[in-house]
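Adding 165 to a residue's 1-based position in the sequence shown gives its number in our numbering.
We treat Cβ as the ideally placed atom computed from N, Cα and C, and that holds for glycine.
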Amino acid sequence: MPRPEAPRIAVAPDEAPEWVTQAVIDGGGYLVPLQEAEGLVWADPRDAASLARTMEAAPRVTWIQLPFAGIENFVHLVDHDHTWTCGKGVYAEPVAELALTLGLAGMRGLVTYARAAQWEPPHGRNLHGARVTILGGGGITESLVRLLQPWDCHLTVVRRNVSHLEGVDDVLESDRYPDALPGADLVVLALALTPETEGIIGADELQLMEDHAWLINVARGRHVVTDDLVDALRDGVIGGAGLDVTDPEPLPPDHPLWSLRNCLITPHVGNTPEMAVPLLAERITANVRRFGAREELLGPVDVEAGY
């Protein structure tokens, strides 16, 4: 029998992996059918229709935990009748690490050298002392800022809520993001996908960037207008691009981005299952425990902002 104070939690859909269920148990949760649940841990990152049906079958649920940091697949379901949490901040460390990897590889010319079949002339720029612009002010940005400290970069962060960030030289409002592009050696996209940020980097923005600058996207592919990026890379408008996410995704084998020597693509592996499972399990366990204790939950979704 569960303790009287144990939170009653349902895990869905039925195909949810065993580690999700174990994470609920580790948090002191009591697993119950949907009709009896106070909280719902949803394990499918894409199936919004099934979540909608599950919510109808769970009238007592007041809290819903989503698996990914990005909630664009579920944003139309997010409401004020439930408390919503997501994986916000869970994957910050591994994604920031990949952003740094892509940035270094691009700036130091490793993309070109890795594809070379003969000895090539030297090229590349230092990250040390470089000017770095980051669009987005969440957990990935905070982790990346910390990782960049030894490189003594000049850091500019563009975010919705302007406030001091430790280790950052300039913080700009979201609508001033074009001002942060000229002069930057490295531009990193680490922001949530919303109607306002879809296509935030297109031909006009790419023209504002330096011709040696690298664009790194570890957020969502639809932040970038892909055709405009292809043109900019072919024409030398910018130095190159490191993309962990693309639009479309997966990127078709015949897409022109694959053939560009100044483009480095990884298949959305900012966090692999090996990295993500223990991190998300820890978040679920912590939030189940907090839910049972009526404490503030981690990774709250801003209903109005949509992330």
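Where the beta strand (DSSP E) through residue i begins and ends
i       : result
Glu-338 : 335 to 338
Ile-174 : 173 to 177
Gln-230 : 228 to 230
Ala-406 : 405 to 408
Distance, residue j Cα to residue i Cα
i       : j       : result
Arg-324 : Gln-283 : 43 angstroms
Ile-365 : His-388 : 5 angstroms
Val-255 : Arg-448 : 7 angstroms
Glu-203 : Thr-450 : 15 angstroms
Glu-461 : Asp-369 : 42 angstroms
Val-327 : Gln-200 : 43 angstroms
Ala-188 : Ala-446 : 5 angstroms
Ala-257 : Val-226 : 28 angstroms
Asp-334 : Val-176 : 44 angstroms
Leu-267 : Ile-381 : 7 angstroms
Glu-439 : Pro-259 : 11 angstroms
Ala-279 : Leu-292 : 19 angstroms
DSSP bridge partner residues for residue i (one or two, in chain order)
i       : result
Thr-431 : DSSP lists no partner for Thr-431.
Gly-204 : Ile-174, Trp-228
Pro-465 : Thr-250
Arg-324 : Glu-338
Val-310 : Looking at the DSSP assignment, Val-310 forms no beta bridge with any residue, so it has no partner.
Leu-300 : Val-323, Leu-354
Residue i, DSSP secondary structure in three states
i       : result
Gln-283 : coil
Tyr-256 : coil
His-420 : coil
Ala-345 : helix
Asn-382 : strand
Val-395 : helix
Pro-121 : A query on residue 121 cannot be resolved here, the shown segment of the chain reaching from 166 to 472 and no further.
Ala-295 : coil
Val-197 : coil
Leu-358 : coil
Leu-242 : coil
Val-390 : coil
Arg-455 : helix
Residue i: CB within 7 angstroms of a non-hydrogen atom of the ligand COA
i       : result
Ala-357 : With respect to the ligand COA, the structure offers nothing, as it holds no ligand at all.
Supposed close pair residue i, residue j - CB separation, criterion 8 angstroms
i       : j       : result
Trp-207 : Ile-236 : Not confirmed; about 11 angstroms, so no contact.
Tyr-195 : Pro-224 : With a Cβ gap of about 18 angstroms, Tyr-195 and Pro-224 do not count as contacting.
For residue i, the first and last residue of its enclosing alpha helix (DSSP H)
i       : result
Ile-190 : 183 to 191
Leu-371 : 368 to 373
Ala-223 : Here Ala-223 belongs to no alpha helix (DSSP H), and DSSP marks it neither H nor E.
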